[in-house]
Amino acid sequence: MSAEEEKGGPAAQAPTRAPTGPDGAGRLGGARGWTGGEARRTEEEAGRTEEEADEALLDRVFLTRVIEPGDETGGRWIREHGTREVVRRLTCDGPPPPGTTERRWAGLRARAERADPGRDLDTARAAGVRFVAPGSPEWPGQLDDLGDARPLGLWVRGRASLRMWALRSVALVGARACTAYGAHMAAGLAADLAERGWVVVSGGAYGVDGAAHRGALGAGGATVAVLACGVDRPYPRGHTELIRRIADQGLVVGELPPGEHPTPSRFILRNRVIAALTRGTAVVEAAHRSGSLVTARAARRLGRHVMGVPGPATSALSAGVHELLRADAVLVTDAAEIVELVGDIGELAPDRRGPVLPTDLLEPGARQVLAALPGRGSATPAGIARRAQTSQDDAIARLYELRALGYVERHDDGWKLTRQAMISTRTAHDPC
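Counting along the sequence shown from 1, when you hit position 298 you're at 297 in numbering that gives the first Met the number 0, and nothing is skipped either side.
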């Protein structure tokens, strides 16, 4: 995201009772290394009843209206006292946590009076949005690396599994007022990454972000837009149609509840989510004070790969990228170089095109669609949907998810299993 911009799915089922219950926070991950996206749970989460889980979800939805994204003080309160206790103090005239000024506490109490988590979940459901909280099966565990700045939860629009897609994702970010060269490079990199089965993550803004999203979509691939506002209100408005396409073919995610608008600080703090969610961040064009450099620095702090696409030595819009490259960023010029770097982690090596997960870790809907593909040849989305006994829209969304995980690939107007997927699924069914 640029400095210029900073100036300028079904929902989770809404419980009917008031929010009362224990905290739903997940165990914090280390700040170095990529966790592989496993949803990590505390002992309390593992033993939580369904009723307690509903109450913890409501507490977190409630707090998204009260605590700003990236507020480490609020995150510390939750870690030390639990979401239930923080909500109780905010709603029952409780004492502020130690070190909190009366003025700040009064401001949070005023926000709490206007919060209505049940209404927010109803609004989200109507817009095809769900709320994903830490500890849930869809939560990307690598976000826990943010520590007390970890999101309270994420509002997600789109059918695919966010956790699964994050396993094989790369961030492409850059200037909003990019050059034709920057737009060309962003679109080309995104298209090539998508062709290789990678998920392209960006911020949905004008310039490099939009070019990256369009490149992935144009290649029939997967892309995720991380917004600094409610995911039910596309921003910028000029990207309303683009964000709708992303929601149909990919995912639109954000920390803010329905209807919330962006602010300069929200743009900056959103960038930490992009950095934490992905295996690495590539900056295509960025001036010296570009918000994209915030994303790159966050990625570096989290132990992710930081990459830069070089530009003309005389271009002010490449000065920030060149600054990164003079430090410890890796110079990249094509998708193969990006994949060579970020794909050299854990289960992705050495075969970058093979399935990322065994089939028994796929969600039931994805396994059902995978089983509907023929062992040889290809099938149309309509045929796959009939065999999987699901809607064509759901089948298409699952196919893009499976493609991002290395199981399937496009073939003319249809879909077929990758060679590695045929081997792995055949091996999985062979008797010992």
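All C-beta atoms in this analysis are idealised placements derived from N, C-alpha and C, irrespective of residue type, glycine included.
Note that the structure is predicted; figures quoted are calculated from it, not measured.
Pair within 8 angstroms by beta-carbon distance, residue i and residue j
i	j	result
residue 148	residue 74	yes
residue 193	residue 218	yes
residue 144	residue 324	no
residue 201	residue 208	yes
residue 199	residue 210	no
residue 407	residue 387	no
residue 396	residue 159	yes
residue 156	residue 246	yes
residue 272	residue 225	yes
residue 102	residue 93	no
residue 105	residue 61	no
residue 241	residue 68	no
residue 439	residue 327	Only positions 0 to 431 of the chain appear in the structure, and residue 439 is not among them; the question remains open.
residue 238	residue 187	no
residue 108	residue 89	yes
Own chain partners of residue i with C-beta closer than 8 angstroms, once the 5 adjacent residues on each side are dropped
i	result
residue 228	234, 253, 255, 259, 260, 261, 265
residue 79	96
residue 167	196, 197, 198, 278, 347, 355, 403, 404, 405
residue 412	379
DSSP three-state assignment for residue i, whether helix, strand or coil
i	result
residue 375	coil
residue 414	strand
residue 260	coil
residue 169	strand
residue 109	helix
residue 64	coil
residue 114	coil
residue 304	strand
residue 331	coil
residue 292	helix
residue 57	helix
residue 96	coil
residue 236	helix
residue 175	coil
residue 140	helix
Contacts around residue i, its chain only, beta-carbon distance under 6 angstroms, and the 5 residues preceding and following it disregarded
i	result
residue 236	none
residue 182	210
residue 399	221
residue 415	377
For residue i: DSSP bridge partner residues
i	result
residue 201	224
residue 130	154
residue 280	170, 305
residue 409	414
residue 250	223
Cβ separation of residue i and residue j, assumed to be a contact under 8 angstroms, to the nearest whole Å
i	j	result
residue 170	residue 52	No, residue 170 and residue 52 are not in contact; Cβ-Cβ is about 31 angstroms, not under 8 angstroms.
residue 275	residue 141	6 angstroms
residue 174	residue 316	5 angstroms
residue 83	residue 58	6 angstroms
residue 110	residue 65	5 angstroms
residue 178	residue 314	7 angstroms
Contact set for residue i: own chain, Cβ-Cβ below 7 angstroms, skip 5 residues either direction
i	result
residue 320	282, 284, 285, 307, 308, 309, 310
residue 417	352, 405, 406, 407, 408
residue 137	131, 160, 161, 162
residue 394	368, 380, 383, 384, 387
residue 335	none
residue 232	258
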